[in-house]
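Everything in the sequence shown is counted per my numbering, starting at 94 for the first residue and increasing by one.
Glycine is no exception: its CB is placed at the ideal position from the N, C-alpha and C atoms.
Given the structure is predicted, the values throughout are model-derived calculations rather than measurements.
First the structure, in the form of structure tokens, and then the observations on it.
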Amino acid sequence: MHTQTIELLSAAPGLRHTLTVWHFGPAQGPKATIQAALHADEVPAMLVAQQLRQQLLQLEAEGLLRGPVQLLPWANPLGLGQHLLGSHQGRFDLRDGVNFNRGHADLAAAVQERVAGRLGGDAQANAARVRGALAEAAATLPADTPAQDLKRRLLQLAVDSEVVLDLHCDGEAAMHLYALTPQAALATELGALLGAQAVLLATDSGDSPFDEACSRPWLQLQQALAPHPLPLGCFSATVELRGEADTDHALAARDATAIIEFLRRRGIVAGTPAPLPAPLCEPTPLAGSEPITAPAAGVVVFHREPGARVAAGEVIADLVDIETGAIQPLAARSAGLLYARSATRWAAPGKRLAKIAGTTLARTGKLLSP
Ligand SMILES: [Zn+2]
Numbered sequence: 094m095h096t097q098t099i100e101l102l103s104a105a106p107g108l109r110h111t112l113t114v115w116h117f118g119p120a121q122g123p124k125a126t127i128q129a130a131l132h133a134d135e136v137p138a139m140l141v142a143q144q145l146r147q148q149l150l151q152l153e154a155e156g157l158l159r160g161p162v163q164l165l166p167w168a169n170p171l172g173l174g175q176h177l178l179g180s181h182q183g184r185f186d187l188r189d190g191v192n193f194n195r196g197h198a199d200l201a202a203a204v205q206e207r208v209a210g211r212l213g214g215d216a217q218a219n220a221a222r223v224r225g226a227l228a229e230a231a232a233t234l235p236a237d238t239p240a241q242d243l244k245r246r247l248l249q250l251a252v253d254s255e256v257v258l259d260l261h262c263d264g265e266a267a268m269h270l271y272a273l274t275p276q277a278a279l280a281t282e283l284g285a286l287l288g289a290q291a292v293l294l295a296t297d298s299g300d301s302p303f304d305e306a307c308s309r310p311w312l313q314l315q316q317a318l319a320p321h322p323l324p325l326g327c328f329s330a331t332v333e334l335r336g337e338a339d340t341d342h343a344l345a346a347r348d349a350t351a352i353i354e355f356l357r358r359r360g361i362v363a364g365t366p367a368p369l370p371a372p373l374c375e376p377t378p379l380a381g382s383e384p385i386t387a388p389a390a391g392v393v394v395f396h397r398e399p400g401a402r403v404a405a406g407e408v409i410a411d412l413v414d415i416e417t418g419a420i421q422p423l424a425a426r427s428a429g430l431l432y433a434r435s436a437t438r439w440a441a442p443g444k445r446l447a448k449i450a451g452t453t454l455a456r457t458g459k460l461l462s463p
């Protein structure tokens with residue numbers, strides 16, 4: 094293993110932020126990038142990164158890595174330092190309120206320009222050209238602010254990878270993950286290994302989260318460059334490692350082992366994969382994910398736990414009016430798996446209290462939480 098330290102654009106003299114990248118394995122071969130806690134207050138991801146480090150060191154010592162594996166033990170040093178009046182604010186940049194996992198660069202058009210007229214009939218050769226062009230296009234991204242610099246550095250590191258795993262968590266949640274719809278089979282495989290209870294798929298969830306900035310250009314280019322054959326050269330997923338308080342050594346070790354097994358199945362780690370465990374769920378469209386939203390302010394009393402299968406019409410939570418004492422039951426419209434709920438119990442109007450992976454809704458527009 095060798096450690097790379099990247100210095101980010103400084104916001105002011107005397108203010109220094111650095112990004113740490115642990116590199117394992119050979120320089121050549123199929124590449125994986127795994128990063129923890131892009132939303133910097135999602136700490137279970139950082140614990141899994143520590144377990145991954147141990148396992149990758151062991152694999153490296155045994156000569157079992159077939160390609161480079163990059164591990165970022167904390168992907169957001171800016172957010173890691175953002176404490177405001179006693180609470181950690183890791184989701185949004187305090188400079189401008191922008192979500193650290195939104196607005197990542199879409200490189201498809203720049204890559205299309207770079208590879209125009211240079212593709213042939215060999216899908217693998219085309220993929221290699223596109224991979225090189227992605228790295229070139231990422232290298233030219235501008236940055237005016239520390240957060241933009243962070244975003245471009247992360248993309249520069251990851252964009253030529255075959256596998257990108259962005260490790261997050263939710264407020265209180267069952268294991269779940271997000272990926273691209275045409276990669277449902279790989280998402281199902283990763284979900285089966287991790288014991289995911291929801292796998293949420295979209296071709297464009299809106300606002301360009303990091304995982305899609307890595308995987309979606311391949312889908313866009315596959316369509317734009319036809320009839321030249323091009324595989325989807327990068328599988329990327331956002332992995333939600335349960336809830337923000339779910340830091341447990343045994344769970345973290347199990348999650349890391351599942352991730353290593355996924356890399357083994359991709360040929361990045363040598364060895365024969367174990368039989369795939371039965372998946373705990375079928376993938377569902379992100380457009381079918383139902384947010385349970387507070388219609389008014391009040392105290393939240395949940396009736397169902399993360400991981401619960403709920404029926405259409407079932408009450409998920411009560412909202413208690415603190416002037417009148419009136420109790421307003423909040424019911425699910427769709428049947429599905431309650432995969433996440435808020436970690437706090439006071440609702441401001443419009444607050445998303447819970448999320449249900451269903452199949453009957455067809456939401457449009459931006460599909461992720463702000
Ligand atoms: Zn997150």
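Can you tell me whether DSSP reads residue i as helix, strand or coil?
i    : result
S180 : strand
V136 : coil
F303 : helix
K448 : strand
E229 : helix
S254 : coil
T274 : helix
F117 : strand
P372 : coil
V468 : Given that the chain is displayed from residue 94 to residue 463, the structure contains no residue 468 and the question cannot be resolved.
Spatial neighbours of residue i within its chain, please: CB distance less than 7 Å, with the 5 preceding and 5 following residues excluded, ordered by chain position.
i    : result
A424 : G406, E407, V408 and I409
L283 : L270, A330 and F355
P376 : A277, A280, T281, V292 and L294
I420 : D411 and V413
Measure the Cβ-Cβ separation of residue i and residue j and say whether it is below 7 Å.
i    : j    : result
Q249 : A221 : no
A404 : A428 : yes
A349 : Q128 : no
A198 : P166 : no
E398 : G451 : no
P239 : L101 : yes
A266 : G336 : yes
G400 : Q290 : yes
Which residues in the same chain have their Cβ closer than 6 Å to the Cβ of residue i, if we skip the five residues on either side of it in sequence?
i    : result
P422 : V408 and D411
R456 : A380
L140 : T340 and A345
K444 : A387
Please report how far the alpha carbon of residue i lies from the alpha carbon of residue j, in whole angstroms.
i    : j    : result
Q217 : P324 : 8 Å
L164 : R146 : 8 Å
S462 : H116 : 32 Å
A202 : I415 : 52 Å
I361 : I352 : 11 Å
E155 : V413 : 58 Å
G196 : T417 : 42 Å
H396 : A390 : 18 Å
M268 : V257 : 18 Å
L243 : C307 : 15 Å
H95  : Q316 : 38 Å
D259 : D304 : 7 Å
F185 : G172 : 8 Å
N169 : A236 : 16 Å
W311 : E229 : 15 Å
H342 : G364 : 26 Å
T453 : R426 : 9 Å
D466 : I385 : Coverage of the chain is limited to positions 94 through 463, which leaves residue 466 absent and any answer about it impossible.
R309 : Q182 : 28 Å
V114 : R402 : 39 Å
G160 : L287 : 22 Å
Figure out for me which residue from the options has the closest Cα to the Cα of residue i.
i    : options             : result
N192 : V392, Q143 and S301 : S301
A251 : R224, L454 and G172 : R224
C374 : H321, L431 and G174 : L431
Q121 : L150, R188 and D253 : D253
L227 : L178, G326 and D189 : G326
Check whether chain D comes within 7 Å of residue i, counting only Cβ atoms and requiring the distance to be less than that.
i    : result
P324 : The structure shown contains no chain D; it is built from a single protein chain.
Sorted by chain position, which residues of the same chain lie with C-beta nearer than 8 Å to residue i's C-beta, five sequence neighbours on each side aside?
i    : result
H261 : A130, L131, H132, E135, A138, N194, T331, V332, E333 and L334
A371 : A285
A346 : Q144
L460 : A295, S298, G299, L379, A380 and S382
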